[in-house]
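Residue numbers (this note's numbering): 13 to 217.
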């Protein structure tokens, strides 16, 4: 194994993104519509415009706490979860993969989502990962720019060349990680998971 750390994105790579997607695209617009006395359709359009304006390197794109304060809601994350019909789902093939490689290298989660989402979506599988980082909660860095990858390698006192990052976002997971000196694997969601897992195993062995 040429890598000391195998680092993973979470949503859309190891876990189904439906739980998070429903929060941002259905549950938050519903709360927003009630707070602003808008139709659900209007709320969705306004939020869509806001997120487009903010962009993926703005903390408001990811911060649940920001939106709870913005909407003056005294709700906790676990209470919001009860409103979400989709349940967190960690793919079975992901579990098989990390069980296979957790003795070969240190496993890490690096996600732009919040710690609450990470813990909820990992569930008991968090025990397989030595390092679990939310870019926004741990480093106060929204998204996954080059500086995040450099900072993590520095904090872990490891050469970036000893880390491979696996994710499904061409810019943040691949281009930015490469710019930070990491090796990468693009988990292409336009291909089957079976094909992605098979090709990834070839890279790791």
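For every residue, glycine included, the Cβ atom is placed at its ideal position computed from N, Cα and C.
| Query | Result |
| --- | --- |
| By Cβ distance, which residues of its chain are closer than 6 Å to residue 45, with the 5 residues on each side in sequence left out? | 52, 55 |
| Taking the beta carbon of residue 192 as the centre, do at least 16 other beta carbons fall within 10 Å, making it buried, or is it exposed? | buried |
| Do residue 209 and residue 107 come within 9 Å of each other at the CB atom, strictly closer than that value? | no |
| For my contact list, residue 27 and residue 112 are in at a C-beta cut-off of 8 Å; report their separation, rounded to the angstrom. | About 18 Å; that fails the 8 Å criterion. |
| At a cut of 8 Å, does the stretch 179–192 reach the stretch 85–93 through at least three beta carbon pairs? | no |
| Which stretch, first to last residue, makes up the alpha helix (DSSP H) that contains residue 151? | Looking at the DSSP string, residue 151 is not in any alpha helix (DSSP H), and its letter there is neither H nor E. |
| Counting only runs of 4+ residues fully inside the stretch 50–105, write out the alpha helix (DSSP H) ranges in chain order. | 52–66, 76–82, 89–93 |
| Are the beta-carbon atoms of residue 96 and residue 39 separated by less than 9 Å? | yes |
| From residue 77 to residue 19, what distance separates their C-alpha atoms? | 26 Å |
| What are the boundary residues of the alpha helix (DSSP H) that includes residue 31? | 30–34 |
| When burial is assigned at 16 or more other CB atoms within 10 Å of the CB, is residue 224 buried or exposed? | Lying before the first or after the last residue shown, residue 224 is absent from the chain, which here runs from 13 to 217. |
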